[in-house]
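The block underneath contains the structure these notes are about, expressed in structure tokens.
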Amino acid sequence: MTSDGRVARGDRTRTAVLDTAVALATEVGLHGLSLAQLADRLEVSKSGLFAHWRSKEALQLATVDRAVAQWQEMIVAPALEAPRGVRRLRALHEARIDFYAARVLPGGCFFANTEFEYNARPGPVRDRLAEAFARWTALLERLVQEAVDLGELPADLDVPLLAYEIDALGISAVMRSRLLDPDATYRHARQGLLTRLRALCPDPTLLPEGQS
Numbered sequence: 001m002t003s004d005g006r007v008a009r010g011d012r013t014r015t016a017v018l019d020t021a022v023a024l025a026t027e028v029g030l031h032g033l034s035l036a037q038l039a040d041r042l043e044v045s046k047s048g049l050f051a052h053w054r055s056k057e058a059l060q061l062a063t064v065d066r067a068v069a070q071w072q073e074m075i076v077a078p079a080l081e082a083p084r085g086v087r088r089l090r091a092l093h094e095a096r097i098d099f100y101a102a103r104v105l106p107g108g109c110f111f112a113n114t115e116f117e118y119n120a121r122p123g124p125v126r127d128r129l130a131e132a133f134a135r136w137t138a139l140l141e142r143l144v145q146e147a148v149d150l151g152e153l154p155a156d157l158d159v160p161l162l163a164y165e166i167d168a169l170g171i172s173a174v175m176r177s178r179l180l181d182p183d184a185t186y187r188h189a190r191q192g193l194l195t196r197l198r199a200l201c202p203d204p205t206l207l208p209e210g211q212s
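In the UniProt record's numbering, the protein residues as written are 1 to 212.
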């Protein structure tokens, strides 16, 4: 039991450290993230972190994995509780915008930032990010296809295109919100998807105005 308790505490500590790393990466960039910077932010010794991650790249890869887990916990999992179809699609988009509006991360969106940062930096970190982006795209397309299969979206719908549009609304929202009026930006992102889905859905009552 004592051993299990130490392991659990160690896991919680590691997760807390990586949450800080994700947040810090949105400020200084994932490429700029280092063990020294993270140690300074946490006010701990670099050697203590070095016991967990033996290199800057190992820390960066672990940070990507933690960002994925955070996205799953705070955005995807709650949205999947909504009924399948257009309501689940909308719930996913709303959860994403809520995450941005709450300013969970000081620099906006870990993934939107790193997508630009690493598009011309080949290597293991870029590959790990590409895998995460591919899984996110696949999820969006799967949820759109579910809505088609349920008859809540047209049978001839271009599924990848709608998934792309949904993601683009999210990326635009978080990027524009950093320099322009965030309330207006998030409102437009929410309304943009609602208007698009209501135009496609044969039963728009599934998507009432002003409700997630």
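Yeah, the Cβ is synthetic: ideal placement off N, Cα and C, and Gly gets one too.
Item: Alpha helix (DSSP H) segment containing histidine 188, residue limits; Value: 182-200
Item: Own chain, CB closer than 8 Å to leucine 207, minus 5 neighbours either side, in chain order; Value: Val86, Arg87, Arg90, Leu194, Leu197, Arg198 and Cys201
Item: For arginine 66, three-class secondary structure by DSSP; Value: helix
Item: Whole-angstrom distance between valine 44 and arginine 176, CA atom to CA atom; Value: 35 Å
Item: Tryptophan 136 (DSSP reduced to helix, strand or coil); Value: helix
Item: Beta-carbon proximity list for leucine 38, same chain, < 8 Å, skipping 5 on both sides; Value: Val17, Thr20, Ala21, Leu24, Leu49 and Leu59
Item: Cβ pair residue 216, glycine 107 closer than 8 Å; Value: The requested residue 216 does not occur in the structure, where the chain is confined to residues 1 to 212.
Item: For glycine 151, the three-state DSSP class (helix, strand or coil); Value: coil
Item: Reduced DSSP category for asparagine 113 - H, G, I as helix; E, B as strand; rest coil; Value: helix
Item: Touching by the beta-carbon criterion (3+ pairs, under 8 Å), the region 154-170 and the region 134-146; Value: yes
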